[in-house]
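Asker: Each residue of the sequence shown is one higher than the one before, counting from 1197 in this note's numbering.
Where is the CB? At the ideal position from N, CA and C, for every residue including glycine.
Starting off with a structure, shown below.
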Amino acid sequence: MNSTICHAALLISAMLAALPAMADRLLDFTLFSPPEVSQRRIAEPVVSWLVHPQASGFCQQASPKDGFVSRAEGCVYWQTQASRCTIVTTEQTTHSQLGHLFVHCLQAR
1197 MNSTICHAAL LISAMLAALP AMADRLLDFT LFSPPEVSQR RIAEPVVSWL VHPQASGFCQ
1257 QASPKDGFVS RAEGCVYWQT QASRCTIVTT EQTTHSQLGH LFVHCLQAR
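Quick look at the structure:
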């Protein structure tokens, strides 16, 4: 009996492992290296963080700005001359989201 349960558990585990993973864009734990200084358009930005329920819409309407990037549940806009970036997220966010938006800030793209 125990052998049958063990085999069934192994079979279920193998089947689950074979399914394609549904990655959550907000939970990205892959390691990366920060962009080289030569790849940064804003080498040492002053960064602000705002919380807004409609983050993407906020970035679209923000002014002044030289550009912006929107992601699920957040965005970032920047001013290259002033070396400023503003990260905007909804009330619920992740460290991964903040990291992605910060890298977009450094690269100003």
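Kindly give me the distance between the Cβ atoms of GLN1293 and GLY1270, rounded to whole angstroms, as I take these residues to be in contact under 8 Å.
Answerer: Rounded, the Cβ-Cβ distance is 5 Å, consistent with contact.
Asker: Tell me whether LEU1297 sits in a helix, a strand or coil according to DSSP, three-state version.
Answerer: Note: LEU1297 maps to helix in three-state DSSP.
Asker: Alpha carbon to alpha carbon, how far is ARG1236 from GLN1303?
Answerer: Roughly 5 Å between the two C-alpha positions.
Asker: Would you check whether the ligand ZN has a heavy atom nearer than 6 Å to the C-beta of HIS1300?
Answerer: As far as ligands go, the structure on display features none, and thus does not contain the ligand ZN.
Asker: Three-state secondary structure (DSSP) at PHE1228?
Answerer: It is coil, neither helix nor strand.
Asker: Starting from GLN1257, follow the beta strand (DSSP E) in both directions and report where the run begins and ends.
Answerer: No beta strand (DSSP E) holds GLN1257; the alpha helix (DSSP H) holding it covers 1251–1257.
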